[in-house]
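Encoded as structure tokens, the structure appears first; notes follow it.
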Amino acid sequence: MRRPTVIVQDRLIAGRHPCAWGPENAPEEVSRLLDDRVTLFVDLTQEGELEPYAHLVSPARHVRMPIRDFSVPTPDDLVATLDAIDAELDAGGIVYVHCWAGCGRTGVVVGCWLVRRGLDPRAALAKIAEARGLGCPQTLEQRLLVLGWEAGR
Numbered sequence: 033m034r035r036p037t038v039i040v041q042d043r044l045i046a047g048r049h050p051c052a053w054g055p056e057n058a059p060e061e062v063s064r065l066l067d068d069r070v071t072l073f074v075d076l077t078q079e080g081e082l083e084p085y086a087h088l089v090s091p092a093r094h095v096r097m098p099i100r101d102f103s104v105p106t107p108d109d110l111v112a113t114l115d116a117i118d119a120e121l122d123a124g125g126i127v128y129v130h131c132w133a134g135c136g137r138t139g140v141v142v143g144c145w146l147v148r149r150g151l152d153p154r155a156a157l158a159k160i161a162e163a164r165g166l167g168c169p170q171t172l173e174q175r176l177l178v179l180g181w182e183a184g185r
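Here the numbering used here is used: the first residue of the sequence shown is 33, the next is one more, and so on.
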């Protein structure tokens, strides 16, 4: 199985849903992330998309910030998600961000987070494509959101 991608060394990790390859894989996937000292799982899937795994993450925490698959979040929802990531990082935590496959929705959130932190939007998209694959984020709408995001927002 493909390992999650470290976006910022020892701080921000992106990848697929722990149940993406089947719910039987979730305990092992979550255990590996806990071994990597993840303290917050940011789940971008909608309720019912995949089997829940939140009961496996203790002592870490799980927060669902749902985004419909192949779409983009509202600006307010995206800011709330970025704020949750920053709050955990500022407290010294390690964040794992995921959607189903770790590409579209995850690419949007991570891309906008990189831009928020001062990276040029095109460089953010290039970093995501290099790390997660050329098709990440998946849709034109998703890529345009990252390109239009502003530093500090």
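Glycine included, C-beta positions come from ideal geometry on N, C-alpha and C.
Asp115 - containing beta strand (DSSP E), residue span = Numbered from 1 along the sequence shown, position 83 holds the residue referred to as residue 115. Taken as a continuous stretch (DSSP letters only), Asp115 belongs to no beta strand (DSSP E), being part of the alpha helix (DSSP H) at 107-122.
query = Are there three or more Cβ pairs, one per stretch, closer than 8 angstroms when the segment 99-116 is compared with the segment 45-65?
reply = Segments in contact, no.
ask   = Whose CA, out of Val129, Val95, Arg100, lies closest to the CA of Arg43?
value = Residue 43 sits at position 11 when you count from the first residue of the sequence shown. Comparing Cα positions, the closest option is Val129.
inquiry  = Per the DSSP calculation, Arg184 is bridged to which residue(s)?
reply    = Start at 1 with the first residue of the sequence shown, and residue 184 comes out as number 152. Inspection of the sequence shows that residue 184 is occupied by Gly rather than by Arg. None; Gly184 has no bridge partner.
Range of the contiguous beta strand (DSSP E) that encloses Asp75 = Looking up residue 75 in the sequence shown gives position 43. Counting along the chain, Asp75 sits inside the beta strand (DSSP E) bounded by residues 72-75.
request  = Take Val38 and list the residues in its own chain whose beta-carbon comes closer than 7 angstroms to its own, dropping the five residues that flank it on each side.
outcome  = Here residue 38 is taken as the residue at index 6 of the sequence shown, counted from 1. Cβ within range, chain order: Ile45.
request  = Can you give me the start and stop residues for the beta strand (DSSP E) that Arg96 sits inside?
outcome  = One-based indexing of the sequence shown puts residue 96 at position 64. Following the DSSP letters along the chain, one finds Arg96 inside the beta strand (DSSP E) bounded by residues 93-96.
message = Taking a contact to mean a Cβ-Cβ separation below 7 angstroms, would you say Ala156 touches Val147 in this structure?
response = Here residue 156 refers to the residue found at position 124 when the sequence shown is read from its first residue. Here residue 147 refers to the residue found at position 115 when the sequence shown is read from its first residue. Yes, they are a contact pair.
Through-space distance from Gly54 to Tyr85, alpha-carbon basis = Start at 1 with the first residue of the sequence shown, and residue 85 comes out as number 53. Start at 1 with the first residue of the sequence shown, and residue 54 comes out as number 22. Roughly 11 angstroms separates the two Cα atoms.
request  = With a cut-off of 8 angstroms on the beta carbons, I'd call Asp75 and Arg96 a contact; round off their distance for me.
outcome  = Position 43 of the sequence shown, counted from the start, is the residue given in the question as residue 75. Position 64 of the sequence shown, counted from the start, is the residue given in the question as residue 96. For Asp75 against Arg96, the beta-carbon gap comes to about 5 angstroms, under 8 angstroms, which counts as contact.
message = the ligand ZN and Ile160: does any heavy atom of the ligand fall closer than 6 angstroms to the residue's C-beta?
response = The ligand ZN is absent from the structure shown, which contains no ligand whatsoever.
query = Hey, Val70 and Ala92: beta-carbon distance below 7 angstroms or not?
reply = The count along the sequence shown starts at 1 and reaches residue 70 at position 38. The count along the sequence shown starts at 1 and reaches residue 92 at position 60. Yes. Within cutoff.
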